[in-house]
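Residue numbers (my numbering), protein chains in the order written: chain C, 1 to 232; chain P, 233 to 318.
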């Protein structure tokens, strides 16, 4: 069977790129390469991963300087052509700054950097989550200071109408409420896609729970779903 | 071409939580007899723009703000333009 070709973008300050690369190459046994932010060629790639970290030291606004890098133009073109893009944590912030996803990520409600496992309820109607059951509750870690999703009320309505909310923070039974919301995100939003469904941004880190040795493989379904999508 | 000095002021919009402003307000409890409230913390960016005239400079600055320096989902901005000797 043909191997999928993944690419992990790399910016100065990215720090989760190796975790993503490891999952793709060693767990999923697919091809994976790094793309440095000064490159412009992203042809012949099935899926782009924008990893977590602190690109450009989070200067100006998180993700804003990465969104001006050389690779940005190619990334927008890749997205317009329907290419699969997943942005994790800082990757999500970069995607909103690129305007490939609506809204933005504010400072956490508590003002603290939060690093812990959270429960997420999954909407499986996307190319990134088809391997999960609908409304399945999974446990995935978050590690961020700016993960508080915010958007205008018009965008909120659009997100709901177009079924773009893919991951929501919830309690262990799948209830979305204030106490299960770690960072103050609007409606407990943890991950969204664009309207076309080919771009996903999520604050939790599925790549950190994709290997049995960690005692939890709840995140693996994201990468398996992408593989499944490209198989079809 | 003339050189213009821009003073850009960026503020969080009213409907957005401003944690820095809130933190300042909370810490004021420790200062006796000072009644101050409604703190909002923004940022100021200074830079220079080369343009044929002030109108064009305004246009360039607005584009720069909208494309890069300001996130209008959560921020609003104002700026002043001053002539600089080149």
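Glycine included, every Cβ here is placed at the ideal spot set by N, Cα and C.
query, result
"In DSSP terms, what residue 276 of chain P is bridged to", "P:241"
"Helix, strand or coil at residue 87 of chain C according to DSSP, with G and I counted as helix", "strand"
"Environment of residue 101 of chain C [buried if 16+ CB atoms lie within 10 Å]", "buried"
"Residues within the segment 149 to 173 of chain C neighbouring chain P, beta-carbon criterion of under 9 Å", "150, 151, 152 and 155"
"Contact set between the segment 244 to 263 of chain P and chain C, restricted to residues whose Cβ is under 8 Å from the partner", "248, 249, 251 and 255"
"Residue 163 of chain C versus residue 125 of chain C: straight-line alpha-carbon distance, rounded", "8 Å"
"Nearest-angstrom beta carbon gap, residue 131 of chain C and residue 221 of chain C [assumed within contact, 8 Å]", "4 Å"
"Simplified DSSP assignment, three categories, for residue 34 of chain C", "strand"
"DSSP three-state assignment for residue 306 of chain P, whether helix, strand or coil", "coil"
"Within-7 Å CB hit, residue 61 of chain C to chain P", "yes"
"Residue 251 of chain P versus residue 87 of chain C: straight-line alpha-carbon distance, rounded", "25 Å"
"Whether residue 61 of chain C touches residue 183 of chain C by CB criterion (7 Å)", "no"
"Contact belief for residue 145 of chain C with residue 205 of chain C at Cβ below 8 Å, rounded distance in angstroms", "With 8 Å as the limit, residue 145 of chain C and residue 205 of chain C do not qualify as a contact, their Cβ atoms being about 14 Å apart."
"Listed by chain order, chain P residues near residue 107 of chain C by CB distance under 8 Å", "249 and 251"
"Contact list for residue 239 of chain P against chain C, beta-carbon separation under 8 Å", "Simply none; closest approach about 17 Å."
"Beta-carbon spacing of residue 91 of chain C, residue 50 of chain C below 7 Å", "yes"
"Secondary structure of residue 196 of chain C, DSSP reduced to three states", "coil"
"Own chain, CB closer than 8 Å to residue 114 of chain C, minus 5 neighbours either side, in chain order", "108, 142, 143, 144, 145, 147, 182 and 183"
"Segment contact, 8 Å Cβ cut-off, at least three pairs: the segment 3 to 14 of chain C with the segment 194 to 205 of chain C", "no"
"Per-residue burial, residue 48 of chain C [other beta carbons within 10 Å of its own, 16 or more giving buried]", "buried"
"Chain P residues whose Cβ lies nearer than 8 Å to that of residue 191 of chain C", "Residues of chain P passing the Cβ test: none, with the nearest at roughly 18 Å."
"Rounded C-alpha distance that separates residue 188 of chain C from residue 18 of chain C", "28 Å"
"Buried or exposed by the 16-neighbour rule on C-beta atoms within 10 Å, applied to residue 57 of chain C", "exposed"
"Nearest-angstrom Cα separation, counted from residue 53 of chain C out to residue 16 of chain C", "6 Å"
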